[in-house]
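S.K.:
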Amino acid sequence: MLTLLLILLPIAAGVITLLAGERMAKQLALVGGLASLGVAVFTWLQFDPAAGSQFGFKYAWLASGGISFAAGIDGISMLLVLLTTFLTPLIILSAFKNEYKNPAAFYSLILFMEAALIGVFTATDAFLFYLFFEAALIPVYFLAAIWGGENRIKVTFKFFIYTIFGSLFMFVALVYLYYQTPGTHTSEIAAFYQLQLSPAAQGYVFWAFFIAFAIKMPLFPFHTWQPDTYTESPTAATMLLSGIMLKMGVYGLIRLLLPIVPLGMEQWGFLAMILSVIGIIYGSIIAIQQSDMKTLIAYSSFAHVGLMAAGVFSSSLNGLQGALIQMLAHGINVIGLFFIVDIIYSRTKTRYLDQLGGITQSTPHLSVYFMVLLLGSVALPLTNGFVGEFLLLSSVFQYKGWLGAVAGLTIILGSVYMLRLFQKSMFGPKSKWVEGFQDLTASERAVLLPLIVMVFWIGIYPSTFLKITEPAVSQLLQLVNN
39 MLTLLLILLP IAAGVITLLA GERMAKQLAL VGGLASLGVA VFTWLQFDPA AGSQFGFKYA
99 WLASGGISFA AGIDGISMLL VLLTTFLTPL IILSAFKNEY KNPAAFYSLI LFMEAALIGV
159 FTATDAFLFY LFFEAALIPV YFLAAIWGGE NRIKVTFKFF IYTIFGSLFM FVALVYLYYQ
219 TPGTHTSEIA AFYQLQLSPA AQGYVFWAFF IAFAIKMPLF PFHTWQPDTY TESPTAATML
279 LSGIMLKMGV YGLIRLLLPI VPLGMEQWGF LAMILSVIGI IYGSIIAIQQ SDMKTLIAYS
339 SFAHVGLMAA GVFSSSLNGL QGALIQMLAH GINVIGLFFI VDIIYSRTKT RYLDQLGGIT
399 QSTPHLSVYF MVLLLGSVAL PLTNGFVGEF LLLSSVFQYK GWLGAVAGLT IILGSVYMLR
459 LFQKSMFGPK SKWVEGFQDL TASERAVLLP LIVMVFWIGI YPSTFLKITE PAVSQLLQLV
519 NN
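Residue 39 is where the sequence shown starts when you use this note's numbering, and the numbers rise one by one after that.
#1: With distances taken Cα to Cα, identify the nearest neighbour of F150 among G426, V77, L56, E427.
#2: Alpha carbon to alpha carbon, what distance is there between N140 and A98?
#3: By DSSP, does F159 sit in helix, in strand, or in coil?
#4: In terms of residues, what are the limits of the alpha helix (DSSP H) holding G110?
#5: So does the segment 450-461 actually touch the segment 380-389, counting three or more Cβ pairs closer than 8 angstroms?
#6: Assuming L155 contacts I373 under a Cβ cut-off of 8 angstroms, what Cβ separation, rounded to an integer in Å, is found between them?
#7: Ignoring anything shorter than 4 residues, give me the alpha helix (DSSP H) runs that lie fully in the segment 282-311, in order along the chain.
#8: What did DSSP end up calling Y97 once you bin it into helix, strand or coil?
#9: Straight-line CA distance for L46 to L235?
#10: With DSSP as the reference, identify every bridge partner of D330, one or two as the case may be.
#11: Using the C-alpha atoms, what's the distance from I111 back to Y499?
#12: Can at least three beta-carbon pairs, one atom from the segment 462-474 and one from the segment 339-356, be found at a separation below 8 angstroms?
#13: Is V444 near V315, with beta carbons less than 8 angstroms apart?
#14: Looking only at its own chain, which residues have a Cβ that is under 8 angstroms from the Cβ of M409, when we skip the five neighbours before and after it?
#15: Hey, how far is the Cα of N356 from the Cα of V379?
#16: May I have the straight-line CA-CA distance separating R483 from Y390, to the nearest angstrom?
#17: Start and end of the alpha helix (DSSP H) containing K505?
#18: Determine the direct distance from the alpha carbon of L418 to that of V425, and round the result to whole angstroms.
#19: In angstroms with no decimal places, state the Cα-to-Cα distance between D163 and F95.
#20: What do you get for P220, buried or exposed, if any count of 16 or more other CB atoms within 10 angstroms of its CB means buried?
#21: DSSP three-state call for E172: helix, strand or coil?
This is the structure in structure tokens:
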């Protein structure tokens with residue numbers, strides 16, 4: 039019942055936070071987030087990577103239709119549950135320094151989104167997966183629409199339309215697959231893996247899944263909602279979107295698209311790979327040109343997710359393992375970077391690089407934390423970004439050498455835009471905007487220190503996390519290759 043507890047605990051904590059009112063909202067939300075992390079760590083300690091799906095439950099939802107409320111945790115799910123429960127309390131704590139109108143609703147929405155994300159990563163019924171996939175959209179929509187910037191209504195409407203549009207394609211594909219199951223129809227994902235669809239049918243299902251997940255990640259050319267949404271949303275919502283929510287799209291590729299439509303992958307995987315690599319280069323070039331720090335990191339996130347998707351479309355062990363550990367690393371790095379941008383903005387009231395400079399003169403702690411997260415993002419050896427990027431690039435090279443060479447430009451371009459970000463904001467003479475800039479407070483260090491620990495833990499001992507996922511990935515690739 040641990041899986042059910044992981045889903046229900048954030049919901050219960052969110053309801054309690056909402057009912058408790060303004061005075062205790064943030065503290066109760068943090069306790070709820072930490073409780074979920076404690077359950078996730080306990081689950082990890084009990085988890086056997088070689089045993090397949092564990093801690094599962096199954097309750098009849100529409101019994102006559104073979105649709106169940108069913109979930110469980112395998113190695114792929116375990117890694118993403120750990121990521122979600124680790125980042126959520128840090129996101130809540132990062133918001134403590136800001137004053138929000140109706141904080142009880144604000145913090146409860148974060149917890150409700152955590153529950154939906156865990157539901158996505160653990161669902162073993164396809165329609166339950168779809169339910170949580172859509173449910174995760176609702177809290178972040180309200181977070182952005184209520185507490186976002188001045189263009190929040192226009193931006194969140196575009197985000198909502200994009201994601202609903204993509205999800206409709208996935209829903210149609212799931213209904214089609216449901217009716218292809220023999221005998222008494224079932225919506226178990228494992229039953230979908232056993233279907234023998236024609237090449238033409240697999241091609242259609244491939245595109246239905248691809249569009250849904252490409253919008254959610256996002257991939258080129260389905261990305262136009264992302265930069266504005268990341269920029270206009272409150273920092274906590276941006277962290278949820280970039281640190282965890284985009285991982286739903288990559289997870290969907292791994293969990294549904296690859297094993298269900300392997301012939302569709304043979305037909306269209308190369309085109310999907312091309313779009314992923316285009317996104318890497320396009321996102322990096324646009325990031326170099328940005329002057330708003332938040333928008334720059336949004337485009338860098340777009341470039342990183344393109345490399346993750348390319349690894350998945352390589353259909354190799356290195357590619358999938360690289361994508362999974364890069365999801366973990368990217369979530370940690372991007373949360374830290376967005377938080378640092380929020381710290382700078384809260385002290386200077388600007389995010390524009392041409393108005394900043396000289397911050398490092400009075401902020402030794404901020405400078406060190408910023409640099410470590412930046413080096414992780416550009417994949418310096420012994421940091422968390424290196425492991426995943428190495429595995430991903432090697433998988434793309436094995437797929438097509440010239441594509442690997444093009445994708446490898448991310449190393450150079452990433453270093454350019456990230457080092458430019460640091461140089462323009464932290465070095466040089468002090469601008470009038472940074473006069474009296476204070477170094478990190480204790481609560482800010484409490485958010486950043488666990489992230490820094492993870493940067494080095496993943497970079498130095500990646501096997502801690504790779505061995506969680508390897509048996510599940512190997513089993514999934516056997517399904518694809520058979």
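Just so you know, even glycine gets a beta-carbon here, dropped at the ideal spot from N, CA and C.
M.R.: According to the structure shown:
#1: Distances from the CA of F150 to each of G426, V77, L56, E427 were compared; the closest alpha carbon is that of L56.
#2: 37 angstroms
#3: helix
#4: Unbroken run through G110 is the beta strand (DSSP E), 105-111; no alpha helix (DSSP H).
#5: no
#6: Going by Cβ atoms, the distance from L155 to I373 rounds to 14 angstroms, so no, they are not a contact pair.
#7: 284-290
#8: strand
#9: 36 angstroms
#10: Y390
#11: 23 angstroms
#12: The way I'd put it, the segment 462-474 doesn't touch the segment 339-356; fewer than three beta-carbon pairs between them come closer than 8 angstroms.
#13: yes
#14: F460
#15: 33 angstroms
#16: 24 angstroms
#17: Looking at the DSSP string, the run of the alpha helix (DSSP H) that includes K505 is 501-519.
#18: 9 angstroms
#19: 11 angstroms
#20: Exposed: under 16 other Cβ atoms inside 10 Å.
#21: helix
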